[in-house]
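Have a look at the structure below, then the notes.
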Amino acid sequence: MADEKNAFYVVQKGDIVGVYKSLSDCQALFGSSVYDPSITVFKGYGLPKEAEEFLSSNGIKNAIYSIGASDVQANLFGQLVACPFKQPAKEKVVGKTFPDKRLQDIVGSTSFSASQRSQFKLDNFMEVPPVSSYCCSCILQFDGASKGNPGIAGAGAVLRAVDGSLVYRLREGLGIATNNAAEYRGVILGLKYALEKGFKHIRVQGDSKLVCMQVQGLWRTKTQNMSDLCNVAKELSEKFVSFQITHIDR
Numbered sequence: 055m056a057d058e059k060n061a062f063y064v065v066q067k068g069d070i071v072g073v074y075k076s077l078s079d080c081q082a083l084f085g086s087s088v089y090d091p092s093i094t095v096f097k098g099y100g101l102p103k104e105a106e107e108f109l110s111s112n113g114i115k116n117a118i119y120s121i122g123a124s125d126v127q128a129n130l131f132g133q134l135v136a137c138p139f140k141q142p143a144k145e146k147v148v149g150k151t152f153p154d155k156r157l158q159d160i161v162g163s164t165s166f167s168a169s170q171r172s173q174f175k176l177d178n179f180m181e182v183p184p185v186s187s188y189c190c191s192c193i194l195q196f197d198g199a200s201k202g203n204p205g206i207a208g209a210g211a212v213l214r215a216v217d218g219s220l221v222y223r224l225r226e227g228l229g230i231a232t233n234n235a236a237e238y239r240g241v242i243l244g245l246k247y248a249l250e251k252g253f254k255h256i257r258v259q260g261d262s263k264l265v266c267m268q269v270q271g272l273w274r275t276k277t278q279n280m281s282d283l284c285n286v287a288k289e290l291s292e293k294f295v296s297f298q299i300t301h302i303d304r
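What follows is the structure, given as structure tokens:
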């Protein structure tokens, strides 16, 4: 017999799915009704670690209330203002070149992959609508430069909320690199961080026409280094639900 200490309950009410540790925790959903056809309850034992990671990445933990995005009505919460995230801890500066490293070592790994997202599914449930894109959208502005081309180079990125308020500022020392490589490292730095922070919709802006056109597949890359960096940027861009990159004049 399964251990009741590891029991959990999956509750669906309309388009909303909740996970509870005990049946008493979700008793309030039923109210005074003995039977509510809109509510379905399933019981399981030993919530898999993969499921916990998926729920933590895609759900809202420890919320006092939760509601489907499609059910949110105007003025439901009264007057709201945009609330930027906290400024992150100072970014680690890397002052090295990477001529012989594998590409994955150069840019690191991201927190969410397409395969991870598809591993866990809630069978027999209606498809849950996505969270409002406003709260998981950002604007990425990137830049990079070198003194000498090639020369001592650095890259930077700024992630902003959709209302334009500052979210995160990032920078990275690159050692010896070209201007174009530094521009690519700037956009890669920003895309990685946006994925790590859970953003799903992103608009990218930069003054490097080469980067913007190559990432869109409109221009061909002429060197292996540019091709490798472009492929990394494309792979990261495909992890977002929506991605747009725009060239901004200097």
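Count along the sequence shown starting at 1, add 54, and that's the number in my numbering. We put the CB at the ideal spot given by N, CA and C, even for glycine.
Between Q259, N279, F96, R214, which lies nearest to T300 when the distance is taken from Cα to Cα? Counted from its first residue, the sequence shown places residue 300 at position 246. The residue with the shortest Cα to Cα distance from T300 is Q259.
On the DSSP bridge assignment, give the partners of Y222 in chain order. As a first step, residue 222 must be located in the sequence shown, where it is residue number 168. Y222 pairs with L213.
Look up L228 in the DSSP assignment and say whether it is helix, strand or coil. Counting from 1 along the sequence shown, the entry for residue 228 is found at position 174. In this structure, L228 counts as strand in the three-state DSSP scheme.
Going by alpha carbons, who is nearest to D69 out of I93, D79, C266, L77? Counting from 1 along the sequence shown, the entry for residue 69 is found at position 15. Here the closest residue by C-alpha is I93.
Are S200 and K254 touching if we call contact CB-CB under 9 Å? Along the sequence shown, one-based indexing puts residue 200 at 146. Along the sequence shown, one-based indexing puts residue 254 at 200. No, Cβ-Cβ distance for S200 and K254 is not below 9 Å.
E58: buried (16+ other C-beta within 10 angstroms of its C-beta) or exposed? Numbered from its first residue, the sequence shown carries residue 58 at position 4. Exposed, because fewer than 16 other Cβ atoms sit within 10 Å of the Cβ of E58.
Could you have a look at R304 and say whether DSSP puts it in helix, strand or coil? Taking the sequence shown and counting its residues from 1, one reaches residue 304 at position 250. DSSP places R304 in coil when its eight states are reduced to three.
Assigned exposure category for R239 - 16 Cβ within 10 Å defines buried: Looking up residue 239 in the sequence shown gives position 185. So R239 ends up on the buried side.
Rounded to whole angstroms, what's the CA-CA distance from I242 to S296? Just pull it up for me. Mapped onto the sequence shown, residue 242 falls at position 188. Mapped onto the sequence shown, residue 296 falls at position 242. So the two alpha carbons sit approximately 16 Å from each other.
Rounded to whole angstroms, what is the Cα-Cα separation between L272 and T232? What you label residue 272 is simply residue 218 of the sequence shown in a count that begins at 1. What you label residue 232 is simply residue 178 of the sequence shown in a count that begins at 1. Near 21 Å, if we compare the C-alpha coordinates of T232 and L272.
In whole angstroms, give me the CA-to-CA distance for L245 and A105. Here residue 245 refers to the residue found at position 191 when the sequence shown is read from its first residue. Here residue 105 refers to the residue found at position 51 when the sequence shown is read from its first residue. So the alpha carbons of these two residues sit roughly 25 Å apart.
Please classify I193: is it buried, with 16 or more other beta-carbons within 10 angstroms of its beta-carbon, or exposed? Against the sequence shown, residue 193 aligns to sequence position 139. It is buried - the Cβ of I193 has at least 16 other Cβ atoms within 10 Å.
In angstroms, rounded to a whole number, what distance separates the CA positions of P102 and F294? Within the sequence shown, residue 102 is the residue found at index 48, counting from 1. Within the sequence shown, residue 294 is the residue found at index 240, counting from 1. So the alpha carbons of these two residues sit roughly 25 Å apart.
Around the C-beta of S291, are 16 or more other C-beta atoms found within 10 angstroms, so that it is buried, or is it exposed? Within the sequence shown, the letter at position 237 stands for residue 291. The residue is buried, with at least 16 neighbouring Cβ atoms inside 10 Å.
Note the first and the last residue of the continuous beta strand (DSSP E) segment covering G260. Position 206 of the sequence shown, counting from 1, holds the residue named residue 260. Per DSSP, G260 belongs to the beta strand (DSSP E) from 255-260.
In angstroms, rounded to a whole number, what distance separates the CA positions of A236 and K288? Here residue 236 refers to the residue found at position 182 of the sequence shown. Here residue 288 refers to the residue found at position 234 of the sequence shown. Their backbone Cα atoms lie some 16 Å apart in a straight line.
Which residues does DSSP list as the beta-bridge partners of S78? In the sequence shown, the residue the question calls residue 78 occupies position 24. For S78, which the question treats as bridged, DSSP gives no partner whatsoever.
Would you report the Cα separation of Y99 and K75, rounded to the nearest angstrom? Translated into the one-based positions of the sequence shown, residue 99 becomes position 45. Translated into the one-based positions of the sequence shown, residue 75 becomes position 21. When rounded, the distance between both Cα atoms is 10 Å.
So, is D159 buried or exposed, given that buried needs 16 or more other C-beta atoms within 10 angstroms? Taking the sequence shown and counting its residues from 1, the one referred to as residue 159 is at position 105. For D159, the predicted structure reports a pLDDT of 39, less than 50, and the residue's modelled location is therefore unreliable. The matter cannot be settled from this model.
Using a threshold of 9 Å, state whether the C-beta atoms of A211 and Y247 are closer than that. For the purposes of this step, residue 211 is taken as the residue at position 157 of the sequence shown. For the purposes of this step, residue 247 is taken as the residue at position 193 of the sequence shown. The answer is yes: Cβ separation under 9 Å.
Distance, G72 Cα to F197 Cα: Locating residue 197 in the sequence shown gives position 143, counting from the first residue. Locating residue 72 in the sequence shown gives position 18, counting from the first residue. In the sequence on display, residue 197 carries Asp and not Phe. Going by the C-alpha atoms only, they are around 42 Å apart.
Judging by CA-CA distance, which residue of N203, T275, L224, F96 is the nearest neighbour of L213? Taking the first residue of the sequence shown as 1, we reach residue 213 at position 159. Closest option to L213, Cα to Cα, is L224.
Would you list the one or two residues that DSSP bridges to F62? Taking the first residue of the sequence shown as 1, we reach residue 62 at position 8. According to DSSP, which records beta bridges pairwise, F62 is partnered with G98.
For a test of the three-state rule: what should DSSP assign to V265, helix, strand or coil? Position 211 of the sequence shown, counting from 1, holds the residue named residue 265. The answer is helix: DSSP assigns V265 an H, G or I state.
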